[in-house]
Amino acid sequence: MPTPRETARTETMAAILGAARTQLADIGPAALSLRAVAREIGMVSSAVYRYVASRDELLTALIVQCYDELGAALEDADPQGGKPVDRWVAVCDALRSWAAAHPHEYALLYGSPVPGYRAPQTTVGPATRPTLVVVSIVVDAHRSSPPVRIEHDIYSAARDFVVEHYRQATGEDVGGVMTTDLVARTLSAWITVFGAVSFERFGHLVGVTEDTGAFYADIVRNLAATLDLSGR
Numbered sequence: 001m002p003t004p005r006e007t008a009r010t011e012t013m014a015a016i017l018g019a020a021r022t023q024l025a026d027i028g029p030a031a032l033s034l035r036a037v038a039r040e041i042g043m044v045s046s047a048v049y050r051y052v053a054s055r056d057e058l059l060t061a062l063i064v065q066c067y068d069e070l071g072a073a074l075e076d077a078d079p080q081g082g083k084p085v086d087r088w089v090a091v092c093d094a095l096r097s098w099a100a101a102h103p104h105e106y107a108l109l110y111g112s113p114v115p116g117y118r119a120p121q122t123t124v125g126p127a128t129r130p131t132l133v134v135v136s137i138v139v140d141a142h143r144s145s146p147p148v149r150i151e152h153d154i155y156s157a158a159r160d161f162v163v164e165h166y167r168q169a170t171g172e173d174v175g176g177v178m179t180t181d182l183v184a185r186t187l188s189a190w191i192t193v194f195g196a197v198s199f200e201r202f203g204h205l206v207g208v209t210e211d212t213g214a215f216y217a218d219i220v221r222n223l224a225a226t227l228d229l230s231g232r
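Heads up, the sequence shown is in our numbering, so the first residue is 1 and it goes up one at a time.
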């Protein structure tokens, strides 16, 4: 059981992040202010600095929180044990729904970089969490019949990264399944999905389609074929 002091610290940090997310919506990440956060939660700024030492540290905490929330949303949406194509569609739909429900958080993660901010290494694990949900679907689809090994040198580092982070998250070595070719297709498909979500969120589909939902669903289904999920 956490001590009263630990509980108080957790609650205070939650309040700080909540106030920061309000600022995120009102003024954007570049203008985030620890002093304004302190005023919002009724603390003196010196007390807030005992929890987060700088604006960049606060941004990092926000980014980690948002990546974890998105990762959890995709994990919850994945009907594990179902057909890979159905899992893929469900996860892609959950991504679009999360972005619509959390537009400012989505923009923080996948929009324009914050001037002067460089994300530290501690954000890498949380940032890979959403991608690993998709990797698990692809792995399950190809586990019994791995694709023909086609080597793409430009994806060798990406393959090593994916395989290692999947091993860290699950304890399973999928190096025999995730060839460089399959990693290339997986990353290309997932990046395309994010592109479709971002185009909708940032207003770039105006004049392209009036039914953005059907447009997105068609993209997702086509990408399932690229990943060879539909027939499995």
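Where is the CB? At the ideal position from N, CA and C, for every residue including glycine. Note that the structure is a prediction, hence the values are computed from the model and not measured.
query, result
"8 angstroms contact criterion, which residue 122 and residue 64 should meet: CB distance rounded", "7 angstroms"
"For residue 241, three-class secondary structure by DSSP", "Any answer about residue 241 is impossible in this case: the structure gives the chain only from 1 up to 232."
"Residue 216 - DSSP class collapsed to helix/strand/coil", "helix"
"Stretch-stretch touch, CB-based, cutoff 8 angstroms, three pairs: the segment 162-171 with the segment 109-118", "no"
"Straight-line Cα distance separating residue 223 from residue 93", "13 angstroms"
"Alpha carbon of residue 221 to alpha carbon of residue 130, nearest angstrom", "19 angstroms"
"Straight-line gap, residue 173 to residue 21 (C-alpha atoms, nearest Å)", "37 angstroms"
"Any non-hydrogen atom of the ligand SAM closer than 6 angstroms to residue 100 Cβ", "Absence of the ligand SAM from the depicted structure is noted, as is the absence of any ligand whatsoever, leaving it without description."
"Residue 163 burial status per 10 Å Cβ neighbour count (16 or more: buried)", "buried"
"Beta-carbon separation (whole angstroms), residue 134 vs residue 186, contact threshold 8 angstroms", "7 angstroms"
"Assigned exposure category for residue 78 - 16 Cβ within 10 Å defines buried", "buried"
"Distance CB(residue 37)-CB(residue 99) smaller than 7 angstroms", "no"
"Segment contact flag, the segment 101-110 with the segment 136-145, C-beta cutoff 8 angstroms, min 3 pairs", "no"
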